[in-house]
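Residue numbers (the numbering used here), protein chains in the order written: chain A, 1 to 240; chain B, 1001 to 1240.
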């Protein structure tokens, strides 16, 4: 009988924000296949490390490239698709041998998570269980110290990888908003916030819930310094 | 020394989706003040019941009214504000007596959670710790069986209590969307989806992650039947 595939949401970074279910299911699998830039390291491995058993096999899913300013976009897509194909084949081998496999996912598996690409390739062939996780969005609002949205307000989550014009267009439709995937895009995001007259109430949050968490007004961030795990939170503000 | 106030996210309904931190902090307080429509019952009490200790005091925060079609809007706001004032005074008494108080919150405390109203009244006077929870939004996408958003897609969360025109306007700006707070508003939401040409890919999810979870195409829902804990998920769809 084939093994079962688990996509397990780990939450935003604090290992204690894992759910009881995530811990139980993680400890029940034979193989933990964790995404990373380098075998033996990485955020997801750091979160789960304390829960792993010695009998479990650790299988790193090592990204061949990380997106960067010099990368040619279509070449990057080709290489990353080949990576998902190859690692899916390796995971399928474990499953076909009857071994259960868990892929731990920082945040939530279906909310901008890489797990979606393995899910798309494997869930049709193998029984798959997906466990939700606390999204960095809600952890970011708590770090910012302000409720994100009240009553009839909408919340829009905007990837910072969109163009400045697209970001402004989305902000224009939004009550509360969170801009994610900052990285090298921060100068553009800051400009979009300023031109949308939202910079004053925007709060920059770096590594929400992690020990190295940092929070400051977005207007005070020196551009070009934000790491991957950072976001800008724009609370809706209390309405009556 | 005054006690500490905790706002504790419980997640979407499955008690096993509580975080390790939520369980630890909940069990450490003297008083658990739980919001409910009737003392001794309610969704939050059901989620935490298995974790409570006999030595803990249970203090129900009983809503005086629930929103309904016959309720006059301004009278409703007055009564609900008086309720938050009175219950905040009661919680402040526990805290002043040096007792720690936890308010358990279904979902996440700062994401459309009632906790925000106690937070607004008490966090300036008492040390307050807020613990994030898994939002029903991400649990809903997992129940729907489709990743919510890919790469550069935006996600918009829309309260179903907005007018049909406002819902259509927000859908028009959105890639992926989730419409929450359905209840009696479902016929209007369905019409907005139909007129926005999004009904075909909309998935109705009732009580995500709970034992009574129900999932079906939004087009097949008989109008007027949706309970409070229901939503419509509109996945962004995979993009290359």
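Glycine residues also receive a C-beta, built at the ideal position from the N, C-alpha and C atoms.
### Message
Counting only Cβ-Cβ distances shorter than 8 Å, please list the residues of the region 81-106 of chain A near chain B, keeping chain order.
### Response
Per Cβ criterion, the list is empty.
### Task
Please determine if the region 1134-1149 of chain B and the region 1093-1100 of chain B are in contact, where contact requires at least 3 C-beta pairs separated by less than 8 Å.
Three or more beta-carbon pairs separated by less than 8 Å are not found between the region 1134-1149 of chain B and the region 1093-1100 of chain B, which leaves the two stretches without contact.
### Endpoints, the alpha helix (DSSP H) within which residue 1102 of chain B is located
In the DSSP assignment, residue 1102 of chain B falls outside any alpha helix (DSSP H) and within the unbroken beta strand (DSSP E) covering 1101-1105.
### Query
According to DSSP, what are the bridge partners of residue 239 of chain A?
Among the bridge pairs identified by DSSP, residue 239 of chain A is matched with none.
### Task
Could you tell me which of B/1167, B/1006, B/1054 and B/1226 sits nearest to residue 1182 of chain B, measuring between CA atoms?
Closest in C-alpha terms to residue 1182 of chain B, from the list B/1167, B/1006, B/1054 and B/1226, comes B/1226.
### Task
Could you list the residues in the region 1009-1024 of chain B with a C-beta less than 9 Å from some C-beta on chain A, going in chain order?
Cβ contacts with chain A come from 1009, 1011, 1012, 1014, 1015, 1016, 1017, 1018, 1019, 1020, 1021, 1022, 1023 and 1024.
### Query
From residue 192 of chain A to residue 153 of chain A, what does the alpha carbon distance come to, in whole angstroms?
If I take the Cα positions, the gap works out to 21 Å.
#### Entry: Length of the line joining the Cα atoms of residue 180 of chain A and residue 1055 of chain B
The straight-line gap from Cα to Cα measures roughly 43 Å.
### Query
When the distance is taken between beta carbons, is residue 1062 of chain B closer than 7 Å to residue 1079 of chain B?
Contact flag unset, no.
### Query
Which class does residue 1135 of chain B belong to by DSSP, given the choice of helix, strand or coil?
Residue state for residue 1135 of chain B is assigned as coil, using DSSP reduced to three classes.
#### Entry: Status (buried if at least 16 other CB within 10 Å, exposed otherwise) for residue 1198 of chain B
A buried status is given to residue 1198 of chain B, since no fewer than 16 other beta-carbon atoms sit within 10 Å of its beta-carbon.
### Task
Answer yes or no: do residue 1031 of chain B and residue 1094 of chain B have a C-beta to C-beta separation smaller than 7 Å?
In this structure, residue 1094 of chain B lies closer than 7 Å to residue 1031 of chain B by Cβ.
### Query
For chain B, is any of its Cβ atoms less than 7 Å away from the one on residue 130 of chain A?
At least one chain B Cβ lies under 7 Å of residue 130 of chain A.
### Beta carbon proximity, residue 30 of chain A to chain B, threshold 7 Å
So no, residue 30 of chain A is outside the interface.
### Task
For chain A, find out if any of its Cβ atoms is closer than 7 Å to the Cβ of residue 1047 of chain B; answer yes or no.
Against chain A, the CB of residue 1047 of chain B has no partner CB under 7 Å away; the residue lies outside that interface.
### Query
Is it the case that the Cβ atoms of residue 241 of chain A and residue 133 of chain A are separated by a distance below 7 Å?
The structure shown does not extend to residue 241 of chain A, since chain A spans only 1 to 240, so no value can be given for it.
### Task
Give a yes or no on contact between the region 42-52 of chain A and the region 15-24 of chain A, applying the rule of three or more CB pairs nearer than 8 Å.
Verdict: yes, contact present.
### Query
Between the Cα of residue 1186 of chain B and the Cα atoms of B/1060, B/1201, B/1222 and B/1058, which residue gives the shortest distance?
Taking only the C-alpha atoms, the option nearest residue 1186 of chain B is B/1222.
### Query
Mind pulling the chain A residues with CB within less than 7 Å of residue 1112 of chain B?
Within chain A, the residues near residue 1112 of chain B are 149.
### Neighbour-count burial assignment, residue 1 of chain A, 16 or more Cβ in a 10 Å radius
The residue in question, residue 1 of chain A, is exposed, as its Cβ has fewer than 16 Cβ neighbours within 10 Å.
#### Entry: Buried or exposed (CB count within 10 angstroms, at least 16 for buried), residue 87 of chain A
Burial state of residue 87 of chain A is buried, judged by a 10 Å Cβ sphere holding 16 or more other Cβ atoms.
### Message
Taking 7 Å as the threshold (beta carbon to beta carbon), is residue 1157 of chain B in contact with chain A?
### Response
True, the Cβ-Cβ gap to chain A drops below 7 Å.
### Task
Identify every residue that forms a DSSP beta bridge with residue 1149 of chain B.
The beta-bridge partner set that DSSP reports for residue 1149 of chain B consists of A/111.
### Residue closest to residue 26 of chain A, alpha-carbon to alpha-carbon, out of A/39, A/37, A/10 and A/40
When C-alpha distances from residue 26 of chain A are compared across A/39, A/37, A/10 and A/40, the shortest belongs to A/10.
### Query
For residue 1043 of chain B versus residue 1106 of chain B, is the C-beta spacing smaller than 7 Å?
For the 7 Å CB-CB criterion, residue 1043 of chain B and residue 1106 of chain B form a contact.
### chain B contact residues for residue 27 of chain A, given Cβ-Cβ distances below 7 Å
The contact set of residue 27 of chain A on chain B, defined by CB atoms closer than 7 Å, is empty, because the minimum CB distance reaches about 13 Å.
### Task
Count the CB pairs spanning the region 167-177 of chain A and the region 225-239 of chain A that are closer than 8 Å, and state whether there are at least three.
Verdict: yes, contact present.
### Query
According to the neighbour-count rule (16 or more other Cβ atoms, all chains shown, within 10 Å of its Cβ), is residue 220 of chain A buried or exposed?
Looking at its Cβ environment, which holds fewer than 16 other Cβ atoms inside 10 Å, residue 220 of chain A is exposed.
### Task
Take residue 1034 of chain B as the anchor and find which of B/1003, B/1020, B/1004 and B/1091 has the nearest alpha-carbon.
Answer by Cα proximity: B/1091.
### Query
Which residues, taken in chain order from the region 131-143 of chain A, show a beta carbon closer than 7 Å to some beta carbon of chain B?
Here the close residues are 132, 133, 134, 135, 138, 139, 141 and 142.
### Task
Would you decide whether residue 1218 of chain B is buried or exposed? Buried here means 16 or more other CB atoms lie within 10 Å of its CB.
So residue 1218 of chain B ends up on the buried side.
### Task
Compare the Cα-Cα distances from residue 38 of chain A to each of A/59, A/52, A/21 and A/29 and report the closest residue.
Minimum Cα-Cα distance from residue 38 of chain A among the listed residues A/59, A/52, A/21 and A/29 corresponds to A/59.
### Task
Show which residues of chain B have a CB atom less than 7 Å away from the CB atom of residue 108 of chain A.
Chain B residues near residue 108 of chain A: 1138.
### Query
Does the beta carbon of residue 1168 of chain B sit closer than 7 Å to a beta carbon anywhere in chain A?
By this cut-off, residue 1168 of chain B is not an interface position.
### Task
Kindly indicate if chain A contains any beta-carbon less than 7 Å away from that of residue 1198 of chain B.
For residue 1198 of chain B, not one C-beta of chain A is nearer than 7 Å to its own C-beta.
### Query
Can you tell which of A/4, A/128, A/167 and A/230 has its C-alpha closest to the C-alpha of residue 210 of chain A?
Nearest option by C-alpha distance: A/230.
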